[in-house]
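Structure first, commentary second.
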Amino acid sequence: MIYAIALEDSMRHKIGYAKPMGLGSVALTPTRLKLVDYAERYTQSAGARGINVLEGDELWDFLDERIDEFKQRWLLELALQDLRRIWRWPPDPNVDYYYPDKDDWFDTPDSIGKRIADTRHVP
740 MIYAIALEDS
750 MRHKIGYAKP
760 MGLGSVALTP
770 TRLKLVDYAE
780 RYTQSAGARG
790 INVLEGDELW
800 DFLDERIDEF
810 KQRWLLELAL
820 QDLRRIWRWP
830 PDPNVDYYYP
840 DKDDWFDTPD
850 SIGKRIADTR
860 HVP
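Okay, so the sequence shown: first residue is 740 according to the numbering used here, each after it adds one.
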């Protein structure tokens with residue numbers, strides 16, 4: 740979950756329907772993390788009661804450690820390459836992206852069986 744929120748510096752999340760017009764790319768930057776140890780929370784009567792709040796450098800040290808551990812243990816490099824390509828920032832300036840029109844693309848006999856990737860340079 741952490742890696743899905745705190746992307747690499749050269750990547751951005753893509754949201755909304757205006758991506759073909761260059762909109763919809765956002766950077767999410769975690770600023771605070773609240774960790775709750777429920778075993779401690781319900782066994783302590785005073786003090787922090789199992790709650791630890793991370794901010795600033797302490798937060799980023801924690802996040803970087805978890806992200807590195809996740810990448811080494813679970814993440815396939817091939818999948819990461821695809822994510823980097825999709826979430827690249829700034830986007831490739833030599834490509835015009837757009838959503839294909841239903842009538843002119845999806846409902847025509849010539850388009851049956853074609854992949855959506857074939858719309859990359861279609862006006």
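Think of the CB as a built atom: it goes at the ideal place given N, C-alpha and C, for glycine as much as any other residue.
- Thr-770 places its beta carbon less than 8 Å from that of Glu-794.
- When DSSP states are grouped into helix, strand and coil, Glu-747 belongs to the coil group.
- Non-local C-beta neighbours of Ile-790 in its own chain, meaning closer than 6 Å and more than five positions away in sequence, comprise Val-775, ordered along the chain.
- According to the DSSP assignment, Lys-773 belongs to the beta strand (DSSP E) that extends over 771-775.
- Assigned with DSSP and collapsed to three states, Lys-853 falls in coil, not helix or strand.
- In the structure shown, Leu-793 falls within a strand segment according to DSSP collapsed to helix, strand and coil.
- Taking a 10 Å sphere around the C-beta of Arg-751, we find 16 or more other C-beta atoms and assign the residue as buried.
- Excluding residues up to 5 positions away in sequence, Gly-789 lie with their Cβ nearer than 6 Å to the Cβ of Glu-779 in the same chain.
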